[in-house]
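Working notes, beginning with the structure itself.
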Amino acid sequence: MAQELSLDLASARAYLAELERRGWVGPVLISSTGARESLVNIVLDESPNPSVALAPVDPRPGQRAVARASVLALIALMGMAALAWSGAGNALAQWFAVDTLSPFAAAIVRSGTPAAAPLAAWIVDQLLGLGDPDLGESAQRLQAAVWHAITLATVLAVALSLLR
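FYI, the numbering for the sequence shown is 3 to 166, going by the numbering used here.
Listed below in structure tokens is the structure:
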């Protein structure tokens, strides 16, 4: 017991004496090893009606989080379209004179600039969600699905703009 519980010998003896006083172990049976009889059986009982017990989760914070992510994702799509339509990527590439470095780098800057809108929206969503209570699993999955869809749309938009 001293080794298993990382106790010094005096503490282990005091612990065994207390267990014997409470009637949980019997007296020493083998004096050379200090073996005692356990008077208490620890049994793992199976429930006759096994079920999973879930703590109730308030759905309103999850609904707000999914709604917030959805609204921000729509704003991100509009921002991405506005950046692409306005030619912000071209202006940025000219401002930094990226064409002189590499035509490939210039194409990446031109095509990738609109992707700043979804990134900014995701950062805003994360900052607004810092005070959220524990969301349910379904709300977390829906919120992640919204951002995965926007990420996929962003990657496809950048890839298509690189191809033209």
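Beta carbons: idealized from backbone N, C-alpha and C, even for Gly.
Please list, in chain order, all residues of the same chain as SER113 whose beta carbon is under 6 angstroms from its beta carbon, the five residues on each side excluded.
Residue 113 sits at position 111 when you count from the first residue of the sequence shown. Answer for SER113: VAL160, SER163 and LEU164, listed in chain order.
Paired residues, beta bridge with VAL27 - DSSP
Residue mapping note: residue 27 aligns to position 25 of the sequence shown, counting from 1. DSSP lists SER40 as the bridge partner or partners of VAL27.
Got a sec? Which residues, its chain only, sit under 6 angstroms from ALA205 by beta carbon, not counting five neighbours each side?
Nothing about residue 205 can be read from this structure; the chain reaches only from 3 to 166.
Exposed or buried, what is ALA78 when buried is set at 16 or more other beta-carbons lying within 10 Å of its beta-carbon?
In the sequence shown, residue 78 corresponds to position 76, counting from 1. Counting Cβ neighbours within 10 Å, ALA78 comes out buried, since at least 16 surround it.
Have a look at ALA37, ALA67 and TRP26 and flag the residue whose alpha-carbon is nearest the alpha-carbon of ASP136.
Within the sequence shown, residue 136 is the residue found at index 134, counting from 1. From the listed residues ALA37, ALA67 and TRP26, the smallest Cα separation to ASP136 is found for ALA67.
Can you name, in chain order, every residue of its own chain whose Cβ lies under 8 angstroms from the Cβ of LEU85, other than the five neighbours on each side?
Within the sequence shown, the letter at position 83 stands for residue 85. The residues are GLY91, THR115, PRO116, ALA118 and ALA119.
Residues that DSSP places opposite ILE32 in a beta bridge:
The residue labelled residue 32 in the question sits at position 30 within the sequence shown. According to DSSP, ILE32 bridges with ALA37.
Separation of SER8 from PRO29, as counted between CA atoms:
Here the question's residue 29 lines up with position 27 in the sequence shown. Here the question's residue 8 lines up with position 6 in the sequence shown. Their backbone Cα atoms lie some 22 angstroms apart in a straight line.
Compute the Euclidean distance between the alpha carbons of VAL111 and ASP60, then round it to the nearest angstrom.
The residue you call residue 111 lines up with position 109 of the sequence shown. The residue you call residue 60 lines up with position 58 of the sequence shown. Taking the straight line joining both Cα atoms gives about 44 angstroms.
Closest by CA to THR35, which one among ARG15, ARG24 and GLU20?
As a first step, residue 35 is located in the sequence shown; it is residue number 33 there, counting from the start. Minimum Cα distance to THR35 is reached at ARG15.
Between ASP39 and LEU31, how many whole angstroms is the CB-CB distance? I'm expecting something under 8 angstroms.
Your numbering for residue 39 matches position 37 in the sequence shown. Your numbering for residue 31 matches position 29 in the sequence shown. Here residue 39 turns out to be Glu, not Asp, going by the sequence shown. 6 angstroms between Cβ atoms; contact.
Less than 6 angstroms between C-beta atoms, sequence neighbours within five positions excluded: which residues of the same chain meet that for GLY64?
Residue 64 sits at position 62 when you count from the first residue of the sequence shown. Excluding residues within five positions, the ones whose Cβ falls inside 6 angstroms are LEU137, GLY138 and ALA141.
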